[in-house]
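The block underneath contains the structure these notes are about, expressed in structure tokens.
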Amino acid sequence: MTRSIRPTRPTRPSRPIRPTLPNRPAAAVAELARAPAAAGSGLVPHLARFGRALRDRGVGVGLSDEADALEALSLVDLGDRDEVRRALRAAMKIRPRDAAAFDELFARWWSKRPPREAAETPRPEQPRFEDPTRPPRPGPLRRTGPRLASPERQPAPETARSEVPAGSEVPAGEEPGYSPEAVLRRKSFEECSPADLEAMERLMARLALRLATRPSRRRLPARGAVRGEVDLRRSFRRALADGGELLSLARRRRAIELPRLVVLCDTSGSMDPHTRFLLAFVLALRRMARRCELFAFNTALVRLTPWLRESRESRESRESRAAPPGGGRSPPRPPLGEGGGGDSAAWTAAPRPKEAGEEIRLPGAPPAGWEIDRVLRRLAAEVPGWSGGTRIGECLAAFAEQWLDELVDGRTAVLILSDGLDRGDVGPLAGAMRAIRGRARQVLWLNPLAGDTRYQPTARAMAAAMPYVDRLAPAHNLEALERLLPLLSA
Amino acid sequence: MKPEIAELLQAMERHGYVADAAVATAVFLAKEMRRPLLIEGDAGVGKTEVAKVLARLLPAELIRLQCYEGLDVATALYEWNYQRQILRLRLAEHEGKSAAEIEELIFSRAYLLERPLLRAITRREAPPVLLIDEVDRADDGFEAFLLEVLSDYQVTIPELGTVRAEHVPYVVLTSNRSREIGDALRRRCLYLYIDHPTLEKEVRILRARVPQAGARLAVEIASFMQSLRRRRLSKAPGVAETIDWAQALLRLDRDHLDLETVEQTLGCVLKDHHDLHDLGGGELEAALAAALAEVPPLPAAPPEAAAR
Numbered sequence: 001m002t003r004s005i006r007p008t009r010p011t012r013p014s015r016p017i018r019p020t021l022p023n024r025p026a027a028a029v030a031e032l033a034r035a036p037a038a039a040g041s042g043l044v045p046h047l048a049r050f051g052r053a054l055r056d057r058g059v060g061v062g063l064s065d066e067a068d069a070l071e072a073l074s075l076v077d078l079g080d081r082d083e084v085r086r087a088l089r090a091a092m093k094i095r096p097r098d099a100a101a102f103d104e105l106f107a108r109w110w111s112k113r114p115p116r117e118a119a120e121t122p123r124p125e126q127p128r129f130e131d132p133t134r135p136p137r138p139g140p141l142r143r144t145g146p147r148l149a150s151p152e153r154q155p156a157p158e159t160a161r162s163e164v165p166a167g168s169e170v171p172a173g174e175e176p177g178y179s180p181e182a183v184l185r186r187k188s189f190e191e192c193s194p195a196d197l198e199a200m201e202r203l204m205a206r207l208a209l210r211l212a213t214r215p216s217r218r219r220l221p222a223r224g225a226v227r228g229e230v231d232l233r234r235s236f237r238r239a240l241a242d243g244g245e246l247l248s249l250a251r252r253r254r255a256i257e258l259p260r261l262v263v264l265c266d267t268s269g270s271m272d273p274h275t276r277f278l279l280a281f282v283l284a285l286r287r288m289a290r291r292c293e294l295f296a297f298n299t300a301l302v303r304l305t306p307w308l309r310e311s312r313e314s315r316e317s318r319e320s321r322a323a324p325p326g327g328g329r330s331p332p333r334p335p336l337g338e339g340g341g342g343d344s345a346a347w348t349a350a351p352r353p354k355e356a357g358e359e360i361r362l363p364g365a366p367p368a369g370w371e372i373d374r375v376l377r378r379l380a381a382e383v384p385g386w387s388g389g390t391r392i393g394e395c396l397a398a399f400a401e402q403w404l405d406e407l408v409d410g411r412t413a414v415l416i417l418s419d420g421l422d423r424g425d426v427g428p429l430a431g432a433m434r435a436i437r438g439r440a441r442q443v444l445w446l447n448p449l450a451g452d453t454r455y456q457p458t459a460r461a462m463a464a465a466m467p468y469v470d471r472l473a474p475a476h477n478l479e480a481l482e483r484l485l486p487l488l489s490a
Numbered sequence: 001m002k003p004e005i006a007e008l009l010q011a012m013e014r015h016g017y018v019a020d021a022a023v024a025t026a027v028f029l030a031k032e033m034r035r036p037l038l039i040e041g042d043a044g045v046g047k048t049e050v051a052k053v054l055a056r057l058l059p060a061e062l063i064r065l066q067c068y069e070g071l072d073v074a075t076a077l078y079e080w081n082y083q084r085q086i087l088r089l090r091l092a093e094h095e096g097k098s099a100a101e102i103e104e105l106i107f108s109r110a111y112l113l114e115r116p117l118l119r120a121i122t123r124r125e126a127p128p129v130l131l132i133d134e135v136d137r138a139d140d141g142f143e144a145f146l147l148e149v150l151s152d153y154q155v156t157i158p159e160l161g162t163v164r165a166e167h168v169p170y171v172v173l174t175s176n177r178s179r180e181i182g183d184a185l186r187r188r189c190l191y192l193y194i195d196h197p198t199l200e201k202e203v204r205i206l207r208a209r210v211p212q213a214g215a216r217l218a219v220e221i222a223s224f225m226q227s228l229r230r231r232r233l234s235k236a237p238g239v240a241e242t243i244d245w246a247q248a249l250l251r252l253d254r255d256h257l258d259l260e261t262v263e264q265t266l267g268c269v270l271k272d273h274h275d276l277h278d279l280g281g282g283e284l285e286a287a288l289a290a291a292l293a294e295v296p297p298l299p300a301a302p303p304e305a306a307a308r
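Read top to bottom, the protein sequences are chains A and B.
With the first letter of the first sequence counted as 1, position 474 gets the number 474 in the working numbering; the numbers rise by one all the way through.
With the first letter of the second sequence counted as 1, position 50 gets the number 50 in the working numbering; the numbers rise by one all the way through.
In structure tokens form, the structure reads like this:
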């Protein structure tokens, strides 16, 4: 209306429209985007540096995107800064969640004035941002090692172990470190020793195999089947080979759909004794699910999925270098926090029931503990106050805002692991839960406290969330998690 | 703004699509670079409409492939007409043709059923507009297959050989972001995110699409829709709902909004039980009053000018 954006004849632009032909963009751009003098000028290097700055901010931009951007710039009016911005956004495929970062960097890198800021800030070699979403560099990880060993992350197992009399569940001399499954399943996570931990992780990996499945609407050829619906296409094809005689009918049946999961894990202080197990459980599920997204939250929401992927890759490279399986497993497994402490001898000296472990493990599956430790360490290092208080409402609202549309659909189960202890405002929580409930196939809330038969979901946050939870399940021991599996099926 | 882009913007408006500079730029680039355009945005913001208007203004044939879970090659690309093949085979037996002859006969183009993707690349006359709608609904596997077709614009049919595109089609993909589109496919495309329109744009859309609606009604509807979208709704209404609502109100002979009218017709706009419930009680009245208070003074009558 007032601001006409479709001039009947080109309104006079602030500068004369130069003939912006593909073969001569460099001069115009050099003017438009005056790069730091030392860094050389010209469109290509400038774009490359801009792309790098974007990557440093965690915006996924690849070489091909930069090439597209270059081509797009040759097609638009380089004198029109907004048009350049729009063209770059389209060609570099900037998603809405990255739009703010893009606009900010664009303002810095593509200005007509020689940008003082641009000259000093974007030093891709030493990025300043510690954005948790960006791909990790080895640096901070190494740094976190000692920091983790601070006493604040003292887990329950330390104290719990002394309560478990040697020989009660772990027969002395007979495969120490291995607990009979039945006992293990009922043992509360809070009472577990580090040795139990490992056995439990293996058990979980096996349990995850049972993740029930649902037939999909996709049809797959069923070879050699005599039941199932007739597959006309393949039947006729076969018939053609026999001169048009339908000698046998080809069948097809529905594909098995693997479930999709989104897991939101509370890592606040009150959840500490459980976090590790629940993460182990999730990682085990992850190998079976078609897609599993993992988020951690306490005072802020962090998407862990990219970290997991990364750790899997680096694990592979590590394993390729590692010693033969004989003794290769214990060294890189620091106990939780200082959990090992004085007992670290027992921890490493105990011969692992390797044979059993290898059997259970899926092909290519890593020792889950290693991956979990890594993730926990990184969480501790990179997420401010990661083991502090909880703001469930805000975190879930942030999830609903940023991720819900993309990650959750009618086939996705949302799993929330939290004790629901939150002193914050419950308003955003109810809103977020409703949004999640509206989109997900089902919402499951795992609450370690619910293992107690007297438990009632009366904590304010829990009470606010309950109307939108399909099922509140306990998560204090393995048996509880096991009972959950059928519910998670796609 | 480059004259060509301004021209495209105008042409889109002439064909009934109120675009903004971002849309026009992206469409222009996709057209010039001959790259697929991936459009994302909430339901009802006019993603599909971009492809339709592009087909109208070029002009070109619009070929549409609606994606759904379980979409397979037989529905998307090609299928042999088995029934006809069998019949032909029977006839050929009486004619005493050799096996090789028969094979050549029944595996020819005449017995091939072209599905949208194949049709899009075999058009001889002019490049068509290929709309691949709601690509997020198809399986990941289909996405990979699509990637192959969209990078070479050729398809291999075992019995026929490779079919190359006569003309590279203009491709528009839309996604409701019900799942994330794979990186590889996104890289292959240019990208456009369409947000809900501003008040000004929404009024212009209304005037263009529902010209019978008066200026006052259009502004009031748009203003109320804007205020609705600012609320935390589980399903924010899109432009499609705005247009539906305007048409419904016209049928009811309303020329402005009042509480009773809105109460009766709110179902055109909010299609979620919780959202309707949230606006119950005095809430709706307050929301309407607030929205109407925001309506810019009418005497300026800018919508007339915009609607030409």
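Even for Gly, the Cβ is constructed at its ideal location relative to N, Cα and C.
Since we're looking at a predicted model, the values are computed, not measured.
Is any beta-carbon of chain B found at less than 8 Å from that of residue i?
i, result
"residue 487(A)", "no"
"residue 111(A)", "no"
"residue 82(A)", "yes"
"residue 233(A)", "yes"
"residue 479(A)", "no"
"residue 103(A)", "no"
"residue 289(A)", "no"
"residue 51(A)", "no"
"residue 393(A)", "no"
"residue 228(A)", "no"
"residue 482(A)", "no"
"residue 196(A)", "no"
"residue 431(A)", "yes"
"residue 98(A)", "no"
If residue i and residue j are in contact, beta carbons under 8 Å, what's the gap, nearest whole angstrom?
i, j, result
"residue 84(A)", "residue 2(B)", "With a Cβ gap of about 11 Å, residue 84(A) and residue 2(B) do not count as contacting."
"residue 38(B)", "residue 181(B)", "7 Å"
"residue 16(B)", "residue 73(B)", "About 35 Å separates the two Cβ atoms, so there is no contact after all."
"residue 419(A)", "residue 376(A)", "In fact, because the Cβ distance is near 18 Å, the residues do not count as touching under 8 Å."
Please report whether the beta-carbon of residue i lies at a distance below 8 Å from any beta-carbon of chain A.
i, result
"residue 225(B)", "no"
"residue 180(B)", "yes"
"residue 29(B)", "yes"
"residue 85(B)", "yes"
"residue 123(B)", "no"
"residue 230(B)", "no"
"residue 74(B)", "yes"
Please state the DSSP three-state secondary structure of residue i.
i, result
"residue 242(B)", "helix"
"residue 171(B)", "strand"
"residue 474(A)", "strand"
"residue 227(A)", "coil"
"residue 96(B)", "coil"
"residue 212(B)", "coil"
"residue 78(B)", "strand"
Under 9 Å between beta-carbons, which chain B residues line up against residue i? List them in chain order, please.
i, result
"residue 94(A)", "191 and 193"
Using the beta-carbon of each residue, which ones in chain B are nearer than 7 Å to residue i?
i, result
"residue 77(A)", "1 and 2"
"residue 406(A)", "177, 179 and 180"
"residue 409(A)", "178 and 179"
Name the chain A residues whose beta carbon is nearer than 8 Å to that of residue i?
i, result
"residue 274(B)", "434 and 438"
"residue 25(B)", "76, 83, 86, 87 and 90"
"residue 5(B)", "76, 77 and 83"
"residue 98(B)", "Neighbours of residue 98(B) on chain A: none; closest Cβ ~13 Å, over 8 Å."
Counting only Cβ pairs nearer than 9 Å, list the residues of chain A close to residue i.
i, result
"residue 82(B)", "232, 233, 235, 236, 237, 239 and 240"
"residue 79(B)", "233"
"residue 187(B)", "62, 64, 65, 68 and 93"
So with CB distances below 7 Å, who are the chain A contacts of residue i?
i, result
"residue 22(B)", "86"
"residue 234(B)", "434, 435 and 438"
List, in chain order, every chain B residue whose beta-carbon is nearer than 8 Å to that of residue i.
i, result
"residue 72(A)", "29, 33 and 190"
Inset, instruction - Output the residue ranges of the beta strand (DSSP E) runs that lie fully inside the region 119-203 of chain B and measure 3 residues or longer, sorted by chain position. - result: 129-133, 154-157, 161-164, 170-175 and 190-194
Inset, instruction - Tell me the start and end of each unbroken beta strand (DSSP E) in the region 49-106 of chain A that is at least 3 residues and wholly inside, in chain order. - result: none
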